[in-house]
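With numbering that gives the first Met the number 0, the residue at position 141 of the sequence shown is 140, and numbering never jumps. The C-beta atom is built at its ideal place from N, Cα and C for all residues, glycine as well. Taking it in order: structure first as structure tokens, then the write-up.
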Amino acid sequence: MFDRFAIDDGRHLPKPVIDEDASTAAGTARFRAECSCGRMPQVPAGTREQALAAHVAHVTTKIGPPKGPTWLPGGARVLILAVSMLVLWGACYATGQFVANGQDLTGATATVVLGGSHFAGLALAFGLMVAVRRYIAPTRV
């Protein structure tokens with residue numbers, strides 16, 4: 000019933016609260032949903048399920064489909080991203096190896112060059128992941 004990814008994007012977390020005025024009038028607990036974004040429209044109090052359904056309706060208006068090509072499924076896009084990240088990291092690491100061997104570096108200097116190339120490769124790979132995230136996962140509209 001609930002699309003956990005759409006709800007747990009970090010900005011739209013449900014907070015069901017008991018509406019005391021409506022609960023007193025009805026004689027039973029009446030719930031109203033609030034959102035962590037602070038921009039959810041007020042809906043009449045009802046059952047807990049109705050409150051959560053109102054929150055899901057709010058979230059679906061804020062979450063849009065991925066901007067990537069519709070002919071390529073999301074899993075394939077994630078796989079292409081993972082391979083691209085691995086290739087980018089591998090190229091940086093191989094460059095560090097080439098520099099260390101080409102300059103005949105030994106000891107601490109070689110370790111620093113190899114560690115730096117490894118770190119640069121990881122930084123570039125994760126930078127690529129952040130840069131293309133809108134083409135892979137659903138985004139806010």
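Nearest residue (CA-CA) to residue i, options the options
i: Leu-85; options: Ala-130, Thr-46 and Gly-120; result: Gly-120
i: Gln-41; options: Glu-33, Thr-69 and Arg-47; result: Glu-33
i: His-127; options: Phe-97, Ala-93 and Ile-79; result: Just to set this straight, residue 127 is Leu in the shown sequence, not His. Ranking the options by Cα distance to Leu-127, first place goes to Ile-79.
i: Trp-88; options: Ala-109, Thr-105, Asp-103 and Phe-125; result: Phe-125
i: Val-129; options: Thr-69, Ala-81 and Ala-109; result: Ala-81
Residue j beta carbon less than 8 Å from that of residue i
i: Gly-101; j: Gly-115; result: no
i: Val-131; j: Val-112; result: no
i: Arg-147; j: Tyr-134; result: The structure shown has nothing for residue 147, since the chain only spans 0 to 140.
Supposed close pair residue i, residue j - CB separation, criterion 8 Å
i: Cys-91; j: Leu-123; result: 6 Å
Residue i CB to nearest heavy atom of the ligand MN below 7 Å
i: Phe-118; result: The ligand MN is absent from the structure shown, which contains no ligand whatsoever.
Length of the line joining the Cα atoms of residue i and residue j
i: Ala-136; j: Gly-45; result: 33 Å
i: Gly-73; j: Arg-31; result: 34 Å
i: Phe-167; j: Ala-56; result: Here the chain has residues from 0 to 140 only, and residue 167 is not among them.
i: Leu-71; j: Gln-49; result: 35 Å
i: Asp-103; j: Ser-83; result: 30 Å
i: Cys-36; j: Thr-69; result: 29 Å
i: Thr-108; j: His-54; result: 56 Å
i: Thr-110; j: Ala-93; result: 14 Å
i: Asp-2; j: Thr-105; result: With a pLDDT of 45 at Asp-2, under the threshold of 50, the modelled position of that residue is not reliable, and no figure is offered here.
Neighbour flag for residue i against chain D, beta carbons, 8 Å
i: Gly-73; result: Considering every chain present, this structure includes no chain D. It has just one protein chain.
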